[in-house]
Every structure is written in structure tokens, then in C-alpha cells.
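Written out below as C-alpha cells is the structure these notes cover.
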Amino acid sequence: VIVIGESHTRDYTQAYVDIFPNTPSINNIANSHNTIIFSNAYSYHTHTVPALMAALTDGRSLTGTTYPTSNNIITLSKEAGINTTWLSNQAIYGQSDSPISAFAYISDTTIIQNTTRKNVPPDEVLLPAFNKVLSTMNQDENNLIIVHLMGSHTLYHERVPNDCNMEWIESKPFSGAFSLSDNFDILL
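Note that our numbering has the sequence shown beginning at 178, numbered continuously upward.
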């Protein structure tokens, strides 16, 4: 399972730095014996499309090889006999979305929860689909599930579940607000 957490910084994530307890679920996953934490990983770019094009393909703008002609995580996985599933809470059409949606639609299974950038639901809407994928996939085969979150993209305050306990943190500059939930971590 690969989770693409949008617009998120490790600088305000307790799993990476000693800071306020804002990501209890991520902390639990990070402490699991089968989790790898990349503590020195950096993004290729500040914007989603170029960053993911670099992260998910072997294409590079400097060499002239770019997606869709370059190899990518989905085509290489399928060539290796791995079943691929793409779950997304990202919009699927538009300059900022279509290139990444292409990955979703070449996957064996594609589940898109959000078709527009208006009234975007919290990322937890992906949980039922994720659970269904897990319960129906053949566990004896190789499987790759990519979960593409909307994360803290604007307008993030509209996607925080009503039952979250909102707290303002003023001890760190630019840390903004964060919400704690028993079911989901959201860093704003």
C-alpha cells in the first residue's frame, strides 16, 4: 500500500519530529514492524503533478523522456504480474488532475471518490472502498494499492469531519490548526 499524502509536511508530523500529538494513527503505523519511514526523502517539486510525475515514473524533463512514454509504477507493476488498484479523493479532470488520473485509469481497478474540486469530502471517504478492496483481493497474489489523498489542499477546512476536536496551536509558526480524531489524522 502506497499512500500519497497531499500538501503535507513532515515538519509538523509527530511521527517525524518531536511536536504536538497530531497524528496518532500515523504514529501507530510508523511504529509497526513492517513499516518503512523515509526520514530523509524530499519532493522533486513543490506542485503535485511534477512531483508525482518524477516520483511515479522514470521520466525526467532533463532527458526528454516523460510520461506517458516513460515507464511508471503502474505499468511496471502490471508487467511484473502485480494487481494494481488506485483509490483517490482527488479530482479527476483539469490541468492539475488529469496527468495523475491517467495513472489511476491504467490501473486494474480504479475508484475515484471525488469528481470535482467543489465540496471535497474528507479523505476518510476512501476507507470503505479500501476495506472492500482488501476483503475482495486475492491475498495469495501480489497486489499494489495506491491511495491518493486530497490531504490539506485548500479548502481543507471544508473537509474536516464535524466530530473532530479542533485545536489551535500557536507555539509553532505557520502550524495552523490540526484536528484529532480516533479514526483519522488530519493536519491543517
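For each residue, glycine too, the CB sits at the ideal point set by N, CA and C.
Give me the residue from the options with the minimum Cα distance to residue i.
{"i": "Thr186", "options": "Phe307, Tyr219 and Asp285", "result": "Tyr219"}
{"i": "Asn320", "options": "His210, Ala228, Asn260 and Thr190", "result": "Asn260"}
{"i": "Ile378", "options": "Asn296, Phe215, Ile206 and Lys255", "result": "Any answer about residue 378 is impossible in this case: the structure gives the chain only from 178 up to 365."}
{"i": "Gln267", "options": "Asp317, Asn205, His330 and Leu304", "result": "His330"}
{"i": "Thr183", "options": "Glu318, His222 and Leu304", "result": "For the sequence presented, residue 183 should be read as Glu rather than Thr. For the residues Glu318, His222 and Leu304, the minimum Cα distance to Glu183 belongs to His222."}
{"i": "Asp285", "options": "Val297, Leu304 and Thr252", "result": "Thr252"}
Where does residue i land, buried or exposed, given buried means 16+ other C-beta within 10 angstroms?
{"i": "Ile179", "result": "exposed"}
{"i": "Asn291", "result": "buried"}
{"i": "Gly195", "result": "Rather than Gly, the amino acid found at residue 195 in this sequence is Asp. Under this definition Asp195 is an exposed residue."}
{"i": "Ser209", "result": "exposed"}
{"i": "Ser312", "result": "exposed"}
{"i": "Ile250", "result": "buried"}
{"i": "Asn308", "result": "exposed"}
Are residue i and residue j touching if we call contact CB-CB under 8 angstroms?
{"i": "His224", "j": "Ser265", "result": "no"}
{"i": "Thr234", "j": "Asn217", "result": "no"}
{"i": "Ala279", "j": "Trp263", "result": "no"}
{"i": "Val310", "j": "Ile277", "result": "no"}
{"i": "Gly441", "j": "Asp300", "result": "This structure does not reach residue 441, given that the chain is present from 178 up to 365, and the question cannot be answered."}
{"i": "Thr200", "j": "Thr212", "result": "no"}
{"i": "Ala192", "j": "Ile214", "result": "yes"}
Contact defined as beta carbons within less than 8 angstroms: I believe residue i pairs with residue j. What is the distance between those atoms, to the nearest angstrom?
{"i": "Tyr288", "j": "Leu229", "result": "The identity of residue 288 in the sequence shown is Ile, whereas the question assumes Tyr. With a Cβ gap of about 18 angstroms, Ile288 and Leu229 do not count as contacting."}
With respect to 7 angstroms, is the separation between the Cβ of residue i and the closest non-hydrogen atom of the ligand FMN below this value?
{"i": "Leu229", "result": "Of the ligands one can find in the structure shown there are none, so the ligand FMN has no counterpart to examine."}
Give a yes or no on whether the minimum CB-CB distance between residue i and chain E is below 8 angstroms.
{"i": "Asp317", "result": "Absent here is chain E; the protein component of the structure consists of one chain."}
Every unbroken alpha helix (DSSP H) inside the stretch 192 to 245 [4 residues or more]: Listed in chain order, they are 201 to 207 and 225 to 233.
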